[in-house]
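> The structure follows.
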DNA sequence: TCTGGGGTCCTAGGACCC
DNA sequence: TCTGGGGTCCTAGGACCC
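Numbering (full-length UniProt numbering), first residue to last: 1 to 420.
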């Protein structure tokens, strides 16, 4: 069996360039929510040493000096392009697992010794480039982990090997692993890397040679599996049907810091309403609710608090959820505190209508019709066409900033590009 | 002055049960 | 003086990913 993974090169930047040719060949950075950090960089921007996650205010001079182009994140566009390139992958494989916004695993057709996989992968790259316009790299291997490492190697060797690396060959693995730092391996973060260093494990080859039992001892079962997968033994398979969502979160930095209870209450209500909307769209209800608010961790003594509660019966009704979140906000708020972020998490999600009823709860029989009407209006006329009053009206200073956002080129009729 | 957001999985430890 | 053993469930927190 061959595991493959496709990733889009500098996805957000590549997506922006698709509809804006002026961005091609020049340094481009796509910013995080609130236009705070660089989350995607073109090759030209990487060459100017703009790091992943680097705060924009720290590189203002470089941006000016080199004319680096900035864009806010445009998730509508990226989500639509994700749908499109996955459709192309699906033409090549009956098993596709969408792993993230810019990566998908797929199962390559079984051929003896993985023969022909590499050619097929090159064809897939060409098809995605021609049909969607996005540049990709592909990693292949006998396990998921090996395909993921192969994908990372394909990025590093793109100019020589053309963007496809296959790690079926054990001899090739041995050679490449000796020069590939262990911290670059999928699943090895800085903490585990630091624990491996004193044991003399610095390269992927060192890690692959580790006895699995030792790996479990040093780390957890996760590290043991990782070591086995590096050796070619499958411990993880495809998930074609995505698992049901277990938790969802809506957390945002404020555009401008929040200092009053009224503002915090509104900001919290907006996030809570969005979280409830998200789980309704999936037909889920939540049993657990968490709300938090805090100040900047870069300032001394920032305010910080969170509250959690059980929802019985489980709910996705904004009237229920916003009332509790409002009480939590009042309990958390510290006068004089400067808040920079707040959020709402809904957990223990289960399909609606399957759970145990609550003997003592009063159930509103009209709720389903009301919520369906709200969701219908917001879906047809745009988000927040109808809201609860506690969410406040209009745009507020605490709303997320996205000052450099490109149009929703492919998903809104009013923003479709016009050819001249 | 200005520093992202949204997920999953695993483990340790406490509460509780028989 | 000496005070069992073996489970499950839940939660908080850590680690990792993109």
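All C-beta atoms, glycine included, are put in the ideal place defined by N, C-alpha and C.
Bear in mind that the values here come from a model prediction, so they are computed numbers and not experimental data.
(1) Run the CB neighbour count on residue 136, radius 10 Å, all protein chains shown included, and call it buried at 16 or more, exposed below.
(2) Assess, as a yes-or-no matter, whether the stretch 159-173 is touched by the stretch 137-144 under the definition of 3 or more beta carbon pairs within less than 8 Å.
(3) My output table needs one value for residue 203: the three-state DSSP class, helix, strand or coil.
(4) For my contact list, residue 343 and residue 250 are in at a C-beta cut-off of 8 Å; report their separation, rounded to the angstrom.
(5) Tell me whether the beta-carbon of residue 324 lies closer than 9 Å to the beta-carbon of residue 289.
(6) Can you name the start and end residues of the alpha helix (DSSP H) that residue 368 belongs to?
(7) Where do the ends of the beta strand (DSSP E) carrying residue 7 lie?
(8) My guess is that residue 229 and residue 146 are in contact by the Cβ rule of under 8 Å, so how many angstroms apart are they, rounded?
(9) Excluding the 5 residues flanking residue 367 on each side, which residues of the same chain have their C-beta closer than 6 Å to its C-beta?
(10) With a threshold of 8 Å, are at least 3 pairs of Cβ atoms found where one atom belongs to the stretch 327-334 and the other to the stretch 300-317?
(11) For residue 166, name the three-state secondary structure that DSSP assigns.
(12) If you draw a straight line from the alpha carbon of residue 218 to that of residue 184, how long is it in whole angstroms?
(13) Within this structure, are the beta carbons of residue 76 and residue 411 separated by less than 9 Å?
(14) Once the 5 residues before and after residue 14 are set aside, which same chain residues still bring their CB inside 7 Å of it?
(15) Let me check you understand the geometry: is the CB of residue 368 closer than 8 Å to at least one non-hydrogen atom of the ligand SAM?
(16) Taking the alpha-carbon of residue 294 as reference, which of 339, 253, 141 has the nearest alpha-carbon?
(17) Between the alpha carbons of residue 261 and residue 333, how many angstroms are there, rounded?
(18) Tell me the rounded alpha-carbon separation between residue 240 and residue 98.
(19) In chain order, what residues of the same chain lie with their CB nearer than 6 Å to the CB of residue 19, ignoring the 5 residues before and after it?
(20) I'd like to know whether the C-beta atoms of residue 74 and residue 401 end up nearer to each other than 9 Å.
(21) Looking at C-alpha atoms only, which residue of 380, 300, 36 is the closest neighbour of residue 253?
(22) What number of angstroms, rounded off, separates the C-alpha of residue 26 from the C-alpha of residue 42?
(23) Evaluate the contact criterion for the stretch 84-94 versus the stretch 123-130: three or more CB pairs, one atom per stretch, below 8 Å.
(24) Around the Cβ of residue 314, are there at least 16 other Cβ atoms within 10 angstroms (buried) or fewer (exposed)?
(25) On a CA-only basis, which of 70, 21, 64, 90 is nearest residue 39? Give me that one, please.
(26) Which residue spans inside the stretch 44-86 form an unbroken beta strand (DSSP E) run of at least 3?
Result, derived from the coordinates:
(1) buried
(2) yes
(3) strand
(4) 6 Å
(5) yes
(6) 367-381
(7) 2-8
(8) 7 Å
(9) 317
(10) yes
(11) strand
(12) 18 Å
(13) yes
(14) 8, 134, 135
(15) Looking for the ligand SAM in the displayed structure turns up nothing, as the structure carries no ligands at all.
(16) 339
(17) 6 Å
(18) 8 Å
(19) 409, 417
(20) no
(21) 36
(22) 8 Å
(23) yes
(24) buried
(25) 70
(26) 69-72
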